[in-house]
Amino acid sequence: MAAETLKSGAGAGGAAAVRRLLLDNGALTALIVLVIAMSALSGDFLTTDNLLNVGVQAAVTAILAFGVTFVIVSAGIDLSVGSVAALSATVLAWSATQHGVPVVLAVVLAVATGIAAGLVNGFLIAYGKLPPFIATLAMLSVARGLSLVISEGSPIAFPDSVSHLGDTLGGWLPVPVLVMIVMGLIAAFVLGRTYIGRSMYAIGGNEEAARLSGLRVKKQKLAIYALSGVFAAAAGVVLASRLSSAQPQAADGYELDAIAAVVIGGASLAGGTGKASGTLIGALILAVLRNGLNLLSVSAFWQQVVIGVVIALAVLLDTVRRKAGATPMAAGTGSGGGKGRQAATYGLAAVVTVAIVGATSFLHGGNSSSANPKVGLALSTLNNPFFVQIQSGAKAEAKKLGVDLTVTDAQNDASQQANQLQNFTSSGLDSIIVNPVDSDAASNSVKAADKAKIPVIAVDRGVNKATVDALVASDNVAGGELAAKTVAEKLGGTGKIVILQGQAGTSAARERAEGFAKGLKAYPGIQVLAQQPADFDRTKGLDVMSNLLQAHPDVQGVIAANDEMALGAIKALGSKAGKSVQVVGFDGTPDGLTAVKNGTLYASVAQQPSQLGRIAVDNALKALQGKKVEETVKVPVKVVTKENVAGFSG
């Protein structure tokens, strides 16, 4: 564990004592090394604003992880916490803003939602005898689905009175950090000072022995998973407050970060060990790592590799410690002297870290800033050829203009993008370009950049409730209308079609769907057989189209909200594509244009993404230099078919 009291041999020399101290506190050692390394490598890391950013970015993961700690200590697992967090926040926003429920009662409903989800998990595991992995995996799907059903796939504005949880106190102290500390203290108290906390360790150590000793194991498991649900609900409310909206797709994958934080912090997946302090350190390690890699402009793809390696090394260090002869003790079972040594360990760690970090800060004291303007490009994802082309156009223009361009990939996670934008702001970039995951969720981060007098350019999607210097975009609604018109005219104004929608909750999916609906109104002879989301993904497009063909074998046309889904649909259609079934995509990606040339894709509504990236960088530099920029720069869309694809450059 990160700060366990361990029984080690006496009489060791000074060097051996230091070695033992490091080994006995594996996660704490890893955190210190990371802080020192990031301070040495980046002069922007060791600033007050950035350190507060790290705290804010760790908050949601830490709160989730505190709840997961209870479960893992009792030899269970909870894969549902991310989805339960999203569902709880959605229930709060939906009840308070759309149904007039008093905010206090709405908060109670959100917490009750978390408890209910936890109780269902506990019941399935304790009484239904389902493995924790299966029971919580099922809840992951159910909770996410309910969140999408309640919100109808769109973000819901958060009540202003609750949104203050995402603000700061006194203009500098972030409220999420305070909430994280409070929830951590509650978790530590539950683990170390309560009957249920002792029960967790007993069940995790030996469930059968705990049962034979008179412990009501089934009822305790109900309570343990209910507690995990409470912490998940709290994390969801804090996350939604930061984003000013309840996002139905929020916290997707956060359960893995939460489990990683608990394990890095020294808990064993076999149960019986774990502490709240270790979990906090694990969450901070993940936050420091992501923050530092952003500041160092490490490729978004390599960041995933580095994070995985560091997680493995942190846990490996803990394994080495255990093999070295240390004997971990459960929280609440140590002696007073042990607790004193624990406090001394934290104190020594703080002193050593401050001393070394202070020394490394001199490495950056004389550094002169780069003569080139520094611009950050925050993309919603690099998992899609359209956004890869935006990046390519932006990089080419940056090289031409002598601009240092830093690119980040939010992986379609609005919270992760908020973190990246905060890092851009705290590191003092000259200008920021943002392609929002969600137009509402990016608002608070853009406001912070505005406050810091950093010009912000939005690309492809706008930012709501915040001021940007320019919006460089195609008109998604107009493009959707063009797509509908194209397929309808190809079918002669009558026919049966299906629509493959984008990822629920994203502004691009909503706007393109709106355009499809508007365009089809002019063609009453066109019958829409089905509309299903395929998440802008080629594989999902293949699967969804295959399923729809079973119910609607007579389909004559397909409209897809991007080329990737269209290409998946073409694969499902086989020889029908381009012959008996006409497919229209969106974006004009290289693979899409190749399919147009081959005749399997009838048309693509091309947005010229490389042009979007180029123009965005050009406007970012103009805004930085104080030159006039247009408030909205429209890049025209173009319907590309086999007849004109040869002359289209993208």
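Here the sequence shown is numbered in this note's numbering, starting from 1261 and rising by one per residue. For every residue, glycine included, the Cβ atom is placed at its ideal position computed from N, Cα and C.
Taking Cβ positions, are residue i and residue j nearer each other than 9 angstroms?
{"i": "F1330", "j": "I1484", "result": "yes"}
{"i": "A1250", "j": "S1504", "result": "With the chain running from 1261 to 1910 in the structure shown, residue 1250 is simply not present."}
{"i": "A1345", "j": "G1452", "result": "no"}
{"i": "G1852", "j": "G1845", "result": "yes"}
{"i": "G1542", "j": "A1560", "result": "no"}
{"i": "K1778", "j": "G1740", "result": "yes"}
{"i": "L1789", "j": "V1758", "result": "yes"}
{"i": "V1895", "j": "E1657", "result": "no"}
{"i": "I1650", "j": "N1683", "result": "no"}
{"i": "M1531", "j": "G1431", "result": "Before going on, a small fix: residue 1531 reads as Gly here, not Met. No, these two residues do not count as a Cβ contact at 9 angstroms."}
{"i": "Q1816", "j": "G1755", "result": "yes"}
{"i": "A1486", "j": "V1328", "result": "no"}
{"i": "D1720", "j": "G1762", "result": "no"}
{"i": "V1974", "j": "I1292", "result": "For residue 1974 there is no data in the structure shown, the boundaries of the chain being 1261 and 1910."}
{"i": "S1302", "j": "A1510", "result": "no"}
{"i": "A1712", "j": "T1685", "result": "yes"}
{"i": "A1733", "j": "V1893", "result": "yes"}
{"i": "M1825", "j": "V1841", "result": "no"}
{"i": "V1422", "j": "V1361", "result": "no"}
With a threshold of 16 other CB atoms inside 10 Å of the CB of residue i, please say whether the residue is buried or exposed.
{"i": "D1847", "result": "buried"}
{"i": "P1813", "result": "exposed"}
{"i": "Y1461", "result": "buried"}
{"i": "A1782", "result": "exposed"}
{"i": "G1662", "result": "exposed"}
{"i": "L1550", "result": "Sequence inspection shows Arg at residue 1550; the Leu mentioned does not correspond to that position. Buried: at least 16 other Cβ atoms inside 10 Å."}
{"i": "L1420", "result": "According to the sequence as given, residue 1420 is Asp; it is not Leu. Per the 10 Å Cβ criterion, exposed."}
{"i": "F1393", "result": "exposed"}
{"i": "A1572", "result": "exposed"}
{"i": "P1850", "result": "exposed"}
{"i": "G1342", "result": "buried"}
{"i": "A1370", "result": "buried"}
{"i": "E1891", "result": "exposed"}
{"i": "T1593", "result": "With a pLDDT of 49 at T1593, under the threshold of 50, the modelled position of that residue is not reliable, and the figure given next carries that caveat. Exposed."}
{"i": "A1906", "result": "exposed"}
{"i": "E1232", "result": "The structure shown does not extend to residue 1232, since the chain spans only 1261 to 1910, so no value can be given for it."}
{"i": "L1429", "result": "exposed"}
{"i": "F1449", "result": "exposed"}
{"i": "Q1358", "result": "exposed"}
Would you please state the rounded distance, in angstroms, between the beta carbons of residue i and residue j? I believe it to be under 8 angstroms.
{"i": "A1832", "j": "S1806", "result": "4 angstroms"}
{"i": "S1411", "j": "T1350", "result": "5 angstroms"}
{"i": "T1373", "j": "S1348", "result": "5 angstroms"}
{"i": "N1822", "j": "E1771", "result": "Actually they are not in contact, since the Cβ atoms of N1822 and E1771 sit about 12 angstroms apart, beyond 8 angstroms."}
{"i": "P1508", "j": "A1290", "result": "In fact, because the Cβ distance is near 35 angstroms, the residues do not count as touching under 8 angstroms."}
{"i": "T1666", "j": "S1557", "result": "4 angstroms"}
{"i": "S1334", "j": "M1399", "result": "Actually they are not in contact, since the Cβ atoms of S1334 and M1399 sit about 17 angstroms apart, beyond 8 angstroms."}
Comparing alpha-carbon positions, which option in the options lies nearest residue i?
{"i": "E1749", "options": "D1669, G1785, K1660", "result": "G1785"}
{"i": "A1837", "options": "V1856, A1821, F1305", "result": "V1856"}
{"i": "S1501", "options": "A1319, F1776, A1469, P1645", "result": "A1319"}
{"i": "Q1317", "options": "A1372, N1679, F1305", "result": "N1679"}
{"i": "N1904", "options": "V1893, S1840, Y1862, P1896", "result": "Y1862"}
{"i": "A1880", "options": "V1716, V1548, K1839", "result": "V1716"}
{"i": "A1527", "options": "I1830, V1815, G1336, G1653", "result": "G1336"}
{"i": "I1441", "options": "L1365, V1498, L1397", "result": "V1498"}
{"i": "F1305", "options": "E1891, T1854, G1688, P1869", "result": "G1688"}
{"i": "A1670", "options": "T1289, G1513, T1396", "result": "G1513"}
{"i": "V1566", "options": "L1576, I1292, L1553", "result": "L1553"}
{"i": "S1699", "options": "L1681, Q1676, V1723, K1711", "result": "V1723"}
{"i": "T1641", "options": "V1558, K1745, G1426, V1697", "result": "V1697"}
{"i": "P1436", "options": "V1889, A1494, L1384, N1310", "result": "A1494"}
{"i": "L1637", "options": "R1874, A1287, S1302", "result": "R1874"}
{"i": "K1209", "options": "L1681, I1819, G1382", "result": "Here the chain covers residues 1261 to 1910 and nothing more, so residue 1209 does not appear."}
{"i": "S1691", "options": "V1558, D1729, P1869", "result": "D1729"}
{"i": "G1886", "options": "Y1387, V1295, I1714", "result": "I1714"}
{"i": "I1385", "options": "V1439, L1516, V1477", "result": "V1477"}
{"i": "N1632", "options": "D1664, I1456, K1659, V1897", "result": "D1664"}
{"i": "K1535", "options": "V1897, A1492, L1445, G1489", "result": "L1445"}
{"i": "A1547", "options": "K1882, V1897, N1310", "result": "N1310"}
{"i": "L1529", "options": "D1338, T1307, K1389", "result": "D1338"}
For residue i, would you say it is in contact with chain C, using Cβ-to-Cβ distances shorter than 9 angstroms as the test?
{"i": "A1318", "result": "The structure shown has no chain C; it contains just one protein chain."}
Q: Could I get the ranges of all uninterrupted alpha helix (DSSP H) runs contained in the region 1817-1843, with 4 residues as the minimum, in chain order?
A: 1823-1833
**Q.** Contained alpha helix (DSSP H) runs [length at least 4] in the region 1637-1704, N- to C-terminal order
**A.** 1645-1661, 1674-1686
(Q) So within the region 1728-1815, which uninterrupted beta strand (DSSP E) runs reach at least 3 residues, ignoring any that extend past its ends? (A) 1730-1733, 1755-1761, 1786-1793
**Q.** Inside the region 1403-1450 only - alpha helix (DSSP H) runs reaching at least 4 residues
**A.** 1420-1423
(Q) At 4 residues or longer, what runs of the alpha helix (DSSP H) sit wholly inside the region 1313-1379? (A) 1341-1353
Q: Mind listing, in chain order, the continuous beta strand (DSSP E) runs of no fewer than 3 residues lying wholly within the region 1835-1892?
A: 1842-1847, 1863-1866
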